[in-house]
Amino acid sequence: MLDIVTKLVNKLHSTKDAMIITIGNTKGGVGKSTIACNLAVTAACHGKKSLLIDADVQGSSLTFRASRERDDIQALAVTTPTLHKDLNRFSGLDLIIIDSGGRDNAVFRSAIMASDALIIPCLPSQVDFWAASDVIEILKEARVYKDITAYFLLNQLIPHTNLAKDAREAIKDFDPEVKLLATVLHNRVAYKNSFGQGQGVIEWPDAKASDEIKSLYQELFI
Ligand SMILES: Nc1ncnc2c1ncn2[C@@H]1O[C@H](COP(=O)(O)OP(=O)(O)O)[C@@H](O)[C@H]1O
Ligand SMILES: [Mg+2]
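Sequential numbering from 177 applies to the sequence shown in this note's numbering.
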């Protein structure tokens, strides 16, 4: 009897709902695909069963997956506005990472509705902070129906400048409901070069970039 109960509990545990996280911003070029793919690689290295959803018709995450030799990441394109319903069909996963398209459309809203958490990558400029207002409006609408934790992630800071401090100051009080992640990502060629080879920066010979992504993973999931 005890055995059956244990097996049932294990079975339930193995198919428990995955955490769903969207890397989203209605602005393009802020690093959504780079961050989504790097998190997927890091999750795979931690032995997590994760699924990378490419919700952008540009398909950068799918191209990343196709360039990757190792078979440790599953990636699928879902560019339909029923994404929040369709993801319910997947079971046995620890983590679903959605790389959203850089547009305010039904697919983007559906991705946010599907998510437990939203990461908003943001470049360190006032124009980019203003652009984030659009995402926050969409987030607020979604929050009427669902609890979604949201974070800003500063990306492409220039090393050896005071930009990080200034950007932190500017963005930290931008919206009381969106936290600023302590981890920041700097502008490093490793992000560009590794992506083209289907690799994460944790697999690339740049210890600083690698530490940034490890720190991001730790801050979000551990
Ligand atoms: N931290 C970074 N350092 C250097 N280049 C970066 C970094 N993050 C992103 N990039 C580069 O910026 C460009 C846009 O990134 P991408 O992930 O495609 O953005 P998005 O998916 O938001 O459009 C790409 O050329 C990518 O290699
Ligand atoms: Mg992209």
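Cβ coordinates follow ideal geometry from the N, Cα and C atoms, glycine included.
query                                                                                                                                                 : result
Restricting to Cα atoms, I'd like to know which of P257, A194, K261 and S386 is closest to D228.                                                      : Per the sequence shown, the amino acid found at residue 228 is Leu instead of Asp. For the residues P257, A194, K261 and S386, the minimum Cα distance to L228 belongs to A194.
Quick one: does the C-beta of K442 sit closer than 7 Å to a heavy atom of ligand 2?                                                                   : The chain is shown only over 177 to 398; residue 442 falls outside these bounds and no answer can be derived.
Measuring CA to CA, which of Q302, C213 and I295 is closest to G200?                                                                                  : I295
Using DSSP with H/G/I as helix, E/B as strand and the rest coil, what is A231?                                                                        : strand
Residues in the same chain with beta-carbon distance under 8 Å from I314, minus the five sequence neighbours each way, listed in chain order, please. : T202, D280, F284, R285 and I288
Just how far apart, CA to CA, sit S291 and I196?                                                                                                      : 5 Å
What is the residue span of the beta strand (DSSP E) that Y327 lies within?                                                                           : T325 to L330
Run through DSSP, which three-state label would L357 get?                                                                                             : coil
Residues in its own chain within less than 8 Å of L339 by CB, not counting five upstream and five downstream?                                         : P300 and L333
Helix, strand or coil for S243 per DSSP?                                                                                                              : helix
Inspect the beta-carbon positions of A212 and D248 and report whether they are closer than 8 Å.                                                       : no
Could you give the residue range of the alpha helix (DSSP H) that holds L263?                                                                         : Careful: L263 lies outside any alpha helix (DSSP H) and carries neither H nor E.
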